[in-house]
Amino acid sequence: MKIAIIHNQFSRGGGMEAYMLLLIKGFLAAGDEVTVHTYEVNRPLADQFGCAIRQLKIPPLPGRWKKYLFLYRCNTTFPKEDYDISLSLTRTSCQDIAICGGVHPEVVKRVSRTSMFRWFHDKIEIACEKKMFTAVPLIMAHSRTIAREIISNYQVAEEKIKVLYPPIDIDRFFPADPQTVAAIRAQFNISADKLTFLLPSCGHKCKGLQQLLLAFSQLDPDHFELLVAGSKLPRKIPANVRYIGYITNLAPVYSAVDYTILPSHYEAFGLVIPESLQCGTPVITTKEVGAAELLAEQDGIILDNNQPETIARTIRQLRKTLPVMANFAGRHRLTISQHIADIKALYPALRPK
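Counting in my numbering, the sequence shown runs from 13 upward without gaps.
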């Protein structure tokens, strides 16, 4: 099949960029032709993939204005008829399937805006999102929570929405062997005498970092420690919080800690949750994280809220280990091959005879 993927940039970055690369890998492995439509390209990264790239030339405008112009040009020039299936990971309205990893009005509700500049851009994003949900034949929501939010915010018909959780790469995420775990623990000075938590975060405000810092300031540094991977931390942090840098391969780090923690205010899915569980490490998260819909009791803890007192109280009550059932990805159809098969199963609905 001929597949088109539309996104703002071909690069590594947040969750949508990681998801795009998994889609490319999956479709190529299934023998499909893949073309990515974008306006920013990381050429060394692109060279690692055997897909075609169509880069729209955008004038040197400020970042968000580049994106808006890209959306407009895609909507007016995208050759939909050239492809069997076209998917967009950004707010275009010219494709077969809109991939929805979050509903913008819900982000605005949960993250306070103080500047007129942000308010103005929120209005544009919401207008683009509304147009997309109206025009596109099918919407793929990354969780049941997202599906409900699309319906409540945009009055979209329920039958237009298909829930497909995003996949993880099981070739990368699996339990590390004891020698690797020992090496990682030595590298990052992880003590066997402490309960160690990992927060992978490139968006600290949404991920609940401030609440975590306040929670760990209430916890005994001799018994509890938080490691943060991703974006840098503020200068003033508790003694039992450490920044370990931006790490491209988190799999062995998941295996080396006791828990992964993600107390987000709002998270469409939260790939770090299945990644951690696939590596055999239990999780602590909130009801605001889409991946929480998949968790069983043995997988970890779902917090009632992400207030510092709730987090600190929960952590104090934890045991050192919590056994996790193997093959989380396979049990929930989160492998890349399963995800690609589920997308292709939508083809008859997209192109009825």
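We put the beta carbon where it would ideally sit given N, CA and C, even for glycine.
Would you mind reading off the limits of the alpha helix (DSSP H) that contains residue i?
{"i": "ASN86", "result": "In the sequence as presented, Asn is not what sits at residue 86; that position holds Cys. Residues 75–89."}
{"i": "THR322", "result": "320–328"}
{"i": "GLU141", "result": "128–147"}
{"i": "THR297", "result": "Note, THR297: premise wrong, no alpha helix (DSSP H); beta strand (DSSP E) at 295–298."}
{"i": "ALA268", "result": "263–268"}
{"i": "TYR359", "result": "359–362"}
{"i": "PHE228", "result": "221–228"}
{"i": "SER288", "result": "284–290"}
If we call anything under 8 Å between Cβ atoms a contact, is residue i one with residue j?
{"i": "VAL240", "j": "SER276", "result": "no"}
{"i": "TYR31", "j": "LEU101", "result": "yes"}
{"i": "LEU211", "j": "LEU221", "result": "yes"}
{"i": "ILE285", "j": "VAL269", "result": "no"}
{"i": "GLU52", "j": "ILE180", "result": "no"}
{"i": "LEU315", "j": "ILE327", "result": "no"}
{"i": "PHE281", "j": "TYR177", "result": "yes"}
{"i": "THR293", "j": "SER267", "result": "yes"}
{"i": "TYR166", "j": "PHE145", "result": "yes"}
{"i": "ILE97", "j": "TYR359", "result": "yes"}
{"i": "ASP44", "j": "LEU362", "result": "no"}
{"i": "GLU309", "j": "THR157", "result": "no"}
{"i": "TYR255", "j": "LYS248", "result": "no"}
{"i": "TYR95", "j": "LYS14", "result": "yes"}
{"i": "LEU330", "j": "LEU238", "result": "no"}
{"i": "LEU34", "j": "ILE355", "result": "no"}
According to DSSP, is residue i helix, strand or coil?
{"i": "MET152", "result": "strand"}
{"i": "ALA338", "result": "coil"}
{"i": "PHE209", "result": "strand"}
{"i": "LYS37", "result": "helix"}
{"i": "GLN67", "result": "strand"}
{"i": "THR192", "result": "helix"}
{"i": "THR347", "result": "strand"}
{"i": "ARG254", "result": "strand"}
{"i": "GLN199", "result": "helix"}
{"i": "SER23", "result": "coil"}
{"i": "VAL301", "result": "strand"}
{"i": "ILE180", "result": "strand"}
By alpha-carbon positions, which one of the options ends up nearest to residue i?
{"i": "TYR16", "options": "THR298, VAL46, LEU35, SER229", "result": "In the sequence as presented, Tyr is not what sits at residue 16; that position holds Ala. Among THR298, VAL46, LEU35, SER229, the Cα nearest to that of ALA16 is on VAL46."}
{"i": "ASN87", "options": "LEU225, GLY242, THR50, ASN252", "result": "THR50"}
{"i": "ILE111", "options": "LYS174, VAL168, ALA139", "result": "LYS174"}
{"i": "SER203", "options": "GLN230, PHE236, THR192, ALA308", "result": "PHE236"}
{"i": "CYS218", "options": "ILE109, PHE145, TYR278, PRO190", "result": "TYR278"}
{"i": "ASP134", "options": "ALA147, THR146, VAL120, PHE145", "result": "VAL120"}
{"i": "HIS116", "options": "ASP232, ILE109, ARG103", "result": "ARG103"}
{"i": "VAL336", "options": "GLN329, HIS351, ILE313, ILE355", "result": "ILE313"}
{"i": "ARG197", "options": "SER164, SER349, PRO264, MET13", "result": "PRO264"}
{"i": "GLU118", "options": "TYR80, SER164, ILE136", "result": "SER164"}
{"i": "LYS143", "options": "GLU161, ALA153, GLY25, VAL168", "result": "VAL168"}
{"i": "LEU283", "options": "ILE36, GLN223, HIS154, ASP205", "result": "HIS154"}
{"i": "PRO72", "options": "GLN290, GLY242, LEU81", "result": "LEU81"}
{"i": "PHE186", "options": "LEU35, LEU289, PRO320", "result": "LEU289"}
{"i": "ASP232", "options": "GLN223, ALA251, LEU33", "result": "ALA251"}
{"i": "CYS89", "options": "SER105, PRO246, GLN230", "result": "The question names Cys, but residue 89 in the sequence shown is Thr. The residue with the shortest Cα to Cα distance from THR89 is SER105."}
{"i": "ASN261", "options": "LYS206, ILE182, LEU334, SER229", "result": "ILE182"}
{"i": "PRO320", "options": "LEU35, GLN230, ALA194, ASP189", "result": "GLN230"}
{"i": "THR192", "options": "LYS299, LEU334, CYS291", "result": "CYS291"}
{"i": "HIS1", "options": "PRO246, LYS37, ALA64", "result": "Absent from the model: residue 1. The displayed extent of the chain is 13 to 365, so no value can be given."}
{"i": "ILE7", "options": "ARG325, ILE65, ASP205", "result": "The requested residue 7 does not occur in the structure, where the chain is confined to residues 13 to 365."}
Buried or exposed for residue i, please, with buried defined as at least 16 other CB atoms from any protein chain shown within 10 angstroms of its CB.
{"i": "PHE129", "result": "exposed"}
{"i": "ASN339", "result": "exposed"}
{"i": "ALA227", "result": "buried"}
{"i": "LEU274", "result": "buried"}
{"i": "ASN318", "result": "buried"}
{"i": "ASN20", "result": "buried"}
{"i": "TYR369", "result": "Because the chain here runs from 13 to 365, residue 369 falls outside it and cannot be looked at."}
{"i": "GLY342", "result": "exposed"}
{"i": "MET372", "result": "Residue 372 falls outside the range modelled here, since the chain spans only 13 to 365, and no answer is possible."}
{"i": "LYS69", "result": "exposed"}
{"i": "CYS214", "result": "exposed"}
{"i": "GLN223", "result": "buried"}
{"i": "PHE209", "result": "buried"}
{"i": "GLY75", "result": "exposed"}
Where does the unbroken beta strand (DSSP E) through residue i begin, and where does it stop?
{"i": "CYS112", "result": "109–112"}
{"i": "HIS49", "result": "45–50"}
{"i": "ALA237", "result": "Per the sequence shown, residue 237 should be read as Glu rather than Ala. First-last of the beta strand (DSSP E) with GLU237: 236–242."}
{"i": "ASP16", "result": "The sequence given here has Ala at residue 16, not Asp. Element bounds for ALA16: 14–18."}
{"i": "LEU274", "result": "271–274"}
{"i": "LEU57", "result": "LEU57 -> not in any beta strand (DSSP E); alpha helix (DSSP H) instead, spanning 55–58."}
{"i": "GLY312", "result": "312–315"}
{"i": "ILE173", "result": "173–175"}
{"i": "LEU99", "result": "97–100"}
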